[in-house]
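Chains as they are written, first to last, in my numbering: chain A, 2 to 282; chain B, 2 to 282.
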């Protein structure tokens with residue numbers, strides 16, 4: 002069994018490790034030479050190759066580059082695909098990718114996927130085994146993929162101990178904006194708020210503790226990953242940002258009026274998040 | 002050595018445990034009978050007593066009630082204090098408490114303290130040993146406390162393996178607004194944003210993963226703790242909320258204009274948070 006992984010960062014490198022464990026011979030491709038060699042040195046892949054050479058004999062091709070690169074590569078890869086090869090992507094946005102290849106003759110060989118897993122780290126050094134275990138794998142527009150391709154990847158994800166769920170591409174992107182992308186915006190903005198303050202008050206971070214770390218952790222995330230995600234999911238993300246800022250304004254108004262009852266009811270309602278995060282995550 | 006802890010929640014219960022380890026006989030006081038008995042059952046304190054009885058023979062009195070209750074209790078406790086007793090509070094706001102007792106005859110026996118430690122949980126069930134280890138203990142307005150009282154608590158905090166730092170009360174409150182209180186507002190607002198969406202889309206949380214959990218963890222925090230903190234630190238918090246919302250607006254504007262360069266520079270700047278959270282916390 003041969004597989005090719007294109008893009009050897011956190012996500013690509015981590016799936017390469019899983020594929021190795023499952024018995025695949027894994028060939029890696031990365032536009033950055035340093036990344037490619039680090040992936041080889043860390044044993045994420047068995048060998049390196051050019052994009053074209055890597056497709057020879059691969060039964061599975063995994064596209065795990067940033068979403069802007071993926072948008073360019075996906076149609077090119079479909080052009081180059083041989084019969085029986087299966088291509089998946091692991092991008093955080095699905096609408097623009099699915100649209101880009103909607104009418105491609107080889108569309109049925111492609112399965113649009115998104116593993117709901119990640120960390121704030123990036124690059125091949127961040128790849129870890131077990132990143133996907135017990136997490137959701139989203140498949141979008143399943144009906145546009147061939148039965149063979151879907152069955153192939155479903156079997157793979159089951160072996161990786163993932164739970165496969167099915168979404169329309171636009172629905173996925175909207176959900177991702179609410180439960181992932183806005184968390185990143187919020188963390189970035191929170192980090193910027195305190196970093197700005199630091200310019201006039203060097204010791205502002207001295208008292209920072211666990212709560213602060215938790216809320217700004219995602220602000221460490223890589224711009225080359227997240228700028229294209231935000232841009233491709235722009236409409237949904239703008240909508241969620243507006244909703245989020247409205248909530249902040251509600252808090253601000255209640256605080257300015259010194260309205261204890263309103264503050265209490267906002268917090269009590271927010272406490273319902275326990276129902277979500279104490280169970281599933 | 003006898004100590005009294007008033008308020009047996011997360012913070013009071015956790016310091017009671019430390020005091021026990023250090024050889025104190027610890028008497029607990031809590032306005033809620035159920036909390037008091039849970040604290041006794043969990044072994045956080047040796048015995049329970051009324052507020053007045055608990056002060057008999059105690060060399061150290063620790064006030065760890067919510068900040069609104071503390072604001073009322075602090076002057077009353079100073080009224081009741083005997084010579085040589087030392088009183089500390091562990092509240093998250095310091096300005097209003099320090100002001101309230103500024104001219105009290107027994108002010109020197111009081112040391113205004115704030116341990117930079119906590120979790121999103123509350124009540125005696127949340128008390129844990131080691132909560133304060135390696136964390137900062139802030140002492141505010143040290144010059145208003147007697148040398149004896151300061152030396153007493155500094156020795157105690159050293160035994161608890163804490164690092165004592167000194168702030169003016171207002172400076173502490175401003176810093177706390179930046180590195181703690183705004184994180185709570187942000188988490189509450191983020192939780193509300195997605196909970197609102199859930200009303201029209203039941204499955205909105207299905208794809209939530211670690212990043213979401215991290216940013217909303219503090220939204221589980223107790224309103225009875227946080228409403229009075231926000232109110233007592235209202236002016237600083239309003240200022241920080243405005244700064245934070247301005248950052249969100251910068252992100253929103255860049256995204257609306259599809260300005261990749263601006264998004265990238267905002268994120269790169271936010272990435273500097275690594276310098277803070279990869280080291281100290």
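Virtual Cβ for every residue (Gly too), placed ideally from N, Cα, C.
Fair warning: this is a prediction, and the values are worked out from it, not measured in the lab.
Cβ-Cβ distances below 6 Å link residue 19(B) to 161 in the same chain, with the five nearest sequence neighbours on each side left out; the list follows chain order. The criterion of a C-beta distance shorter than 8 Å is satisfied by residue 177(B) and residue 234(B). Straight-line measurement puts the Cα of residue 148(B) at about 36 Å from the Cα of residue 224(B). Any Cβ of chain A closer than 8 Å to the Cβ of residue 155(B) would place that residue at the interface, and such an atom is absent.
In its chain, beyond the 5 residues on either side, 151 and 167 have a beta carbon closer than 7 Å to the beta carbon of residue 143(A). Around the beta carbon of residue 14(B), 16 or more other beta carbons lie within 10 angstroms, which makes this residue buried. Within chain A, no C-beta atom comes less than 8 Å from the C-beta of residue 135(B); the nearest is roughly 11 Å away. For residue 99(A), the enclosing alpha helix (DSSP H) begins and ends at 96–101. For residue 116(B), the enclosing beta strand (DSSP E) starts and ends at 111–116. Within its own chain, the residues whose Cβ lies closer than 7 Å to the Cβ of residue 75(B), once the five positions on either side in sequence are excluded, are 64, 90, 98, 101 and 102, listed in chain order. Taking C-alpha positions only, residue 276(B) is separated from residue 202(B) by approximately 39 Å.
Residue pairing by DSSP places residue 140(B) opposite 114(B) and 167(B) in a beta bridge. With contacts defined as CB atoms closer than 8 Å, residue 197(A) and residue 96(A) fail to qualify as a contacting pair. Here the alpha carbons of residue 136(B) and residue 45(B) stand approximately 21 Å from one another. Under the Cβ distance rule, residue 224(B) counts among the residues neighbouring chain A, one pair being separated by less than 8 Å. The beta carbon of residue 124(A) lies closer than 6 Å to those of 10 in the same chain, with the five residues before and after it left out. Taken in chain order, the members of the region 191–209 of chain A whose beta-carbon sits within less than 9 Å of a beta-carbon on chain B are 191, 192, 193, 194, 195, 196, 197, 198, 199, 202, 204, 205, 206, 207, 208 and 209. For a cut-off of 8 Å, the C-beta gap from residue 212(B) to residue 185(A) is around 7 Å, short enough to register as a contact. The DSSP-derived three-state label of residue 34(A) is helix. Taking residue 134(B) as reference, the option from 163(B), 104(B) and 226(B) with the minimal CA-CA separation is 163(B).
When the five nearest sequence neighbours on each side are left out, the beta carbons in the same chain lying within less than 8 Å of the beta carbon of residue 86(A) are those of 56, 59, 60, 61, 62 and 110, in order along the chain. For the 8 Å CB-CB criterion, residue 107(B) and residue 82(B) form a contact.
Pairing residue 243(A) with residue 22(A), the inter-Cα distance amounts to about 44 Å. Counting only runs that start and end inside the region 204–248 of chain B, the alpha helix (DSSP H) elements of at least 4 residues fall at 211–217 and 224–233.
In the DSSP assignment, residue 62(A) falls outside any alpha helix (DSSP H) and lies within the beta strand (DSSP E) extending over 61–64.
Proximity to residue 36(A) across 26(A), 25(A), 66(A) and 53(A) peaks at 66(A), based on C-alpha coordinates. Counted as a single uninterrupted DSSP element, the alpha helix (DSSP H) harbouring residue 151(B) occupies residues 148–160.
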